[in-house]
Every structure is written in structure tokens, then in C-alpha cells.
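With the working numbering, letter number 218 in the sequence shown gets 218, and the count goes up by one each step, no holes.
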Amino acid sequence: MTGIYRRDVRCFFFDSITMKSGSKGAMKTIILEEPGRFSLTDTAKPNRANPSEALVRVHRVGICGTDLHAFEGTQSFFTYPRIVGHELGVEIVEIDSNEFDLKTGDSCALEPYLHCGECIACRRGKTNCCVNLKVMGVHVDGGMREYITVPIHKLHKSNQLSCDQLALVETLGIGAHAVRRANPQPDDVVLIIGVGPIGLTVLTFVKSCKAPVIVMDINENRLDFCRNAINVENCIHANRSAADSIQKLLGGELPTVVFDCTGNSESMQDSFQLVANGGSLIFVGLYKGNLTFHDPEFHRRELTLYASRNSTAEDFKRIISLMENNEIDASPWITHRVPFTKMIDEFPQWLQPENRVLKAMVEW
């Protein structure tokens, strides 16, 4: 699928992710029982409910901010207990003949956004913001287990990419979709606020637009990574004089396109003041609460405000193609790696800034 409405995509897929009773055999599963507490347990291996599903073996699970916030108890739209994990590199174990040219043994990235196919957003191809959207690892159980059953059309094949690379496709999709919505042009000047994993995905696709870019963060380690690993020339510390530093770089002007990837309310509210007249502000990070801005100033500048949520099948296909052609290499982002048997002990350390975690990868 490429974001086009299909009649065969139905809400029943939302229930297909859950484990079925009567499954043969057991598998290892990590469950987030409550904030701050994981458990490693045996659960039943799932069976496919219908021919539109595939059984897949999970090989990699990337850890993102959603998982970290869920562990802290601060993730929006989240209930416990929950099997987290939505950045997945998987292998097809069981599948029927299908129109997507998928077969047993194929390696795939998994698009974890389960849409209904019938609501107003789906009918217009905006599957990423389906009225009834269920995200694996958030609203329904995810991939922190050995096997899962998934809708076949949510699998995106690449037998060229590694399991690590396939698990990074979902992360990259967040930035790809945000940049596609904002559509910066070469004559824009782009500011990216917050260059954690999500900000880096935005940076990846902004660079392909050939627009000058500035990055800003409170974390010097992240700024150093941008300077040294990605060759970003203009890296600014997000202190009280950040606006002055930006204007000094731009001859007294402000950026025309600003992406806030922080999910921090103070940063998101302050970002309105960093956009040039007639410019655009894109909220990529999610804050669990209300935001306010000064309406007269918003109108005076005639700003355009975007929200960006998740990504689409079109984004997944584009990213895989770019990775296969060596136009994107996100492998340096992986700073920590553990087998699933050690994840529970290691996970709390990934929340500590001094450990410099950019992207942790769990091996199954």
C-alpha cells in the first residue's frame, strides 16, 4: 500500500496483534507491567487468525522515546500492562500467497500503525492519523517478544538490509513524514530544535532538501554528534541567548522553517518566537498537556503551524529504497546493544543522560 484507501483494510486487524489462546508452544515475552517494572515471562506462541496475517519472528527491537516515557509513566495514550516495541526488524515465518510478493524467509521492516481503512482520514490516504488508529506497543501489544502475527500489508520487504537497518526504518519514517509535510525548499533556512533520535531523522531528510540547516539542543553530546558524525556546521546550545545566536548567524533574521522535536512544553511554546514572518513551525515531538501561544504575534507573523504524526506506507517504501541505495546510513545512531535477556537490567540506565544513549537496540 502507498497510503491509498483499500477496502480490504479493516478494523479487525486491531485484534490480530494479541496472542491467541490455544497456540502451540511458548515463547519469551517482556511485559511492561507498570511504570518502572518489566517482567520476562513465557507466553503462548500466536497463531494466525486469517490468511491476511503473517507470523513473523522478531530479530531486532529499537528503543525509542515512546518506550522510555512509558517506562517513566509519562507516555500519552498508554495503558498497563503492555508489551512495548514498535521499531522492528522481523523475518516471515508463516504466510499464505499474497499480492505483496512476500514469502517465508523474507526480512521486513514492520509498519506498526494499524488503521481502520474506513474513517475520513483513511479515505483520504492519511492512514497515519486514522480516527481509530492503534499503534503497536502503545495502544495494543508490540514486538518485545519472539513471535507476533501482523497484517501482511504492514510488512515492507528488504533482503538487502540488515535486521538493525530494518528496525531503524520506523524511526526514520517520523522524520521523513514531518519533512514531507513541511516541504522545505532550497531557499528556506531550517532550524531543528532537539537532535535526539527523532531530531536526527528530521535532519536526515532536511539535508536532502538542500536547505541550510541549524540544529539546537541543550545536550552538548548531541551537538557534538551532529558536528562530528553528520558534519552540521551550525550547532547552537539551547540557552537563553539562543535566539540572539540564531539571528547573528542569519544577519538579524530568523529561520523560515522550524521543527521542534523535543516534546518539551517550554521549548515548544518558545519556538513560536524563533520562526520568521510568513514561516512554518512543525511540532514533531509530543507533549502530554496543553500548549499556549500569543495569538496577536502568531497572526502578525502569519505563521503556519503543523502537527506531524507517525508515517505512512509511502514513507516506509521510500526509506527502504534510500537505505538500499546507500543514500541513508543510520547505523552510527546505535550506541547501545543488548540481548533481550539483559534488557530489563539495562533499560533504566538508558534514561540517564550521562550514559549518552542515542539509540538502543535489543536483539532477539
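Glycine included, every Cβ here is placed at the ideal spot set by N, Cα and C.
DSSP lists V90, K157 as the beta-bridge partner residues of C108. In the structure shown, the three-state DSSP call for D42 is strand.
Considered as a whole, the segment 222 to 258 harbours 242 to 249 as its complete alpha helix (DSSP H) runs of no fewer than 4 residues, in chain order. DSSP places K359 within a strand segment (E or B) once states are collapsed to three. If you draw a 10 Å sphere on the C-beta of P296, you find fewer than 16 other C-beta atoms in it, and that means exposed.
A238 is not a Cβ neighbour of E253, given a cutoff of 9 Å. According to the DSSP assignment, E53 belongs to the beta strand (DSSP E) that extends over 53 to 63. For E33, the enclosing beta strand (DSSP E) starts and ends at 26 to 34.
For T171, the three-state secondary structure derived from DSSP is helix.
Using a 10 angstroms sphere on the CB of Q165, the tally of other CB atoms reaches 16 or more, which defines it as buried. Note that the segment 320 to 339 does not touch the segment 38 to 48; fewer than 3 beta-carbon pairs, one per stretch, sit closer than 8 Å. Here T304 carries a strand assignment [DSSP, helix/strand/coil].
With a cutoff of 9 Å on beta-carbon distance, H177 and D67 are scored as not near each other.
One alpha carbon belongs to M343, the other to H299, and they sit about 48 Å apart. C235 and I214 have their C-alpha atoms roughly 6 Å apart.
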